[in-house]
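Structure first, commentary second.
Residue numbers (my numbering): 6 to 235.
Here you go:
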């Protein structure tokens, strides 16, 4: 993705989130230079280490409008907290899935998550089960909780979530999702999130975008941190 496109996606996402009454924390609006300075003086080291912030991906495929997702990580603990069962064992994100923009079929090794339609159009979630080893199984359905109610779905059945509705997904629940007939603001509440190691895709694709630096970044992405904040 070109950096200019990423900057545009950021601005449009911020506008959409605000239209639904969601304001991002102050660090969201730091310039790259301010972020680097705050990390170097230690005051923002926790933000960088927990990978809080902007995340825009086309999964390395160069087709953001068809295969992509906007995310902002608001809070996140560390896997060490989760392993010992105390401390910050949770994470929270805001996501935007545009109309017919697919987040591809994947599951997680560790993370359990609630995916919540926070507003906009219908959120469509396609679901499959897994085999005994956690691999994708096209002939297995799943049993999930939708707002606390158990629901059994056939393999490949598409769950339709209206604004206010949610689904709970556990490791081994394979899922893809998109905005149905419009754009959707999505909330994600989960156990600790590690996007570098905990995403397993059905197809051999990447988690982050390959960026063409045609313009300076408005704000850094979480995938920029290692290079820009060193």
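Note that CB positions come from ideal geometry on N, CA and C, so glycine has one too.
> Under 8 Å, do residue 195 and residue 122 count as touching if we go by C-beta distance?
Replying inline: no
> Got a sec? Which residues, its chain only, sit under 8 Å from residue 217 by beta carbon, not counting five neighbours each side?
Replying inline: Exclusion of the five residues before and after residue 217 leaves 6, 7 and 8 as the residues of its chain whose Cβ lies within less than 8 Å of its Cβ.
>> So, for residue 70: in the same chain, excluding its five sequence neighbours on each side, which residues have a beta-carbon less than 8 Å away from its beta-carbon?
In response: Beyond the five residues adjoining it in sequence on each side, residue 70 comes within less than 8 Å, by CB distance, of 103 and 106 in the same chain, given in chain order.
>> Between the alpha carbons of residue 37 and residue 145, how many angstroms are there, rounded?
In response: 46 Å
> Identify the residues that DSSP records as bridge partners of residue 128: which are they?
Replying inline: According to DSSP, which records beta bridges pairwise, residue 128 is partnered with 166 and 184.
>> Mapping the DSSP letters down to three states, classify residue 228 as helix, strand or coil.
In response: helix
>> Would you call the region 45-61 in contact with the region 215-234, where contact means no fewer than 3 C-beta pairs closer than 8 Å?
In response: yes
>> For residue 233, which residues in the same chain have their Cβ closer than 7 Å to its Cβ, ignoring the five residues on either side in sequence?
In response: 37, 41 and 225
> Since residue 60 is in the beta strand (DSSP E), which residue starts that stretch and which ends it?
Replying inline: 58-62
>> Need the endpoints of the alpha helix (DSSP H) that residue 21 sits in, please.
In response: 8-24
> Leaving out the 5 sequence neighbours to the left and right, which residues in its chain are closer than 6 Å to residue 136 when beta-carbon positions are compared?
Replying inline: 142
> So residue 88 is in the alpha helix (DSSP H); what residue range does that whole segment cover?
Replying inline: 84-89
> How many whole angstroms separate the CB atoms of residue 100 and residue 20, which I take to be in contact at a CB cut-off of 8 Å?
Replying inline: Incorrect: roughly 15 Å between the Cβ atoms, too far for contact.
>> Per DSSP, what are the beta-bridge partners of residue 134 in this structure?
In response: Residue 134 pairs with 142.
> In chain order, what residues of the same chain lie with their CB nearer than 6 Å to the CB of residue 118, ignoring the 5 residues before and after it?
Replying inline: 174, 193 and 195
> Short check: CB of residue 43 to CB of residue 110, under 8 Å?
Replying inline: no
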